[in-house]
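All remarks here apply to the structure that follows.
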Amino acid sequence: MGAGDIISQTVIEKKSFKKIDYKRTLQFSSIGFFVGGPALRIWYGLLNKHVGSSGKMVALKKVFVDQFIFAPTFLLFLLISVFLILCLKILCSFMRLFQIKKCINNFVYNLYS
1 MGAGDIISQT VIEKKSFKKI DYKRTLQFSS IGFFVGGPAL RIWYGLLNKH VGSSGKMVAL
61 KKVFVDQFIF APTFLLFLLI SVFLILCLKI LCSFMRLFQI KKCINNFVYN LYS
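Those letters in the sequence shown? Residues 1 to 113, by UniProt numbering.
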């Protein structure tokens with residue numbers, strides 16, 4: 001997922017390599033490494049175990065099961081993961097804002113007491 005993010009930033013967003021958002025790339029890489037990688041490893045292992053590993057009909061069955069059962073579920077799981085990272089960033093921003101507001105209130109209270 002990290003390579004896809006770099007391609008997105010350079011080709012679609014037309015950023016130079018000097019202006020790539022490496023923090024964002026690291027976040028996408030983390031999702032791929034900790035969420036996508038293990039899920040795909042387990043899924044394809046289960047697919048080989050239950051559907052088989054050779055033959056023309058086996059390949060068609062695997063494609064069908066993969067595209068109509070796993071892909072929608074996995075896509076939803078990835079979108080939820082990205083959403084949770086975004087919510088965590090927003091929550092951290094609000095926490096910082098609240099702490100700054102609390103410091104200002106304490107300063108003003110101490111100034112006038």
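Just so you know, even glycine gets a beta-carbon here, dropped at the ideal spot from N, CA and C.
Excluding the 5 residues flanking residue i on each side, which residues of the same chain have their C-beta closer than 7 Å to its C-beta?
i, result
"residue 11", "none"
"residue 51", "58, 61, 62 and 65"
"residue 70", "43"
"residue 25", "2, 5 and 6"
Any idea if residue i is buried or exposed, counting beta-carbon neighbours within 10 angstroms, 16 or more meaning buried?
i, result
"residue 6", "buried"
"residue 27", "buried"
"residue 31", "buried"
Excluding five sequence neighbours on each side, which residues of the same chain lie with their C-beta closer than 8 Å to the C-beta of residue i?
i, result
"residue 17", "10"
"residue 83", "none"
"residue 165", "With the chain covering only 1 through 113, there is no way to say anything about residue 165."
Starting from residue i, follow the alpha helix (DSSP H) in both directions and report where the run begins and ends.
i, result
"residue 2", "2-7"
"residue 27", "22-31"
"residue 115", "Not covered by the structure: residue 115. The range shown for the chain is 1 to 113."
"residue 58", "56-65"
Measure the beta-carbon distance from residue i to residue j and round it to whole angstroms, keeping in mind my assumption that it falls under 8 Å.
i, j, result
"residue 78", "residue 36", "7 Å"
"residue 74", "residue 39", "6 Å"
Once DSSP output is grouped into helix, strand and coil, what is the label at residue i?
i, result
"residue 81", "helix"
"residue 16", "coil"
Considering only residues of the same chain and omitting the five flanking positions on each side of residue i, which have a CB-CB separation below 6 Å?
i, result
"residue 47", "62"
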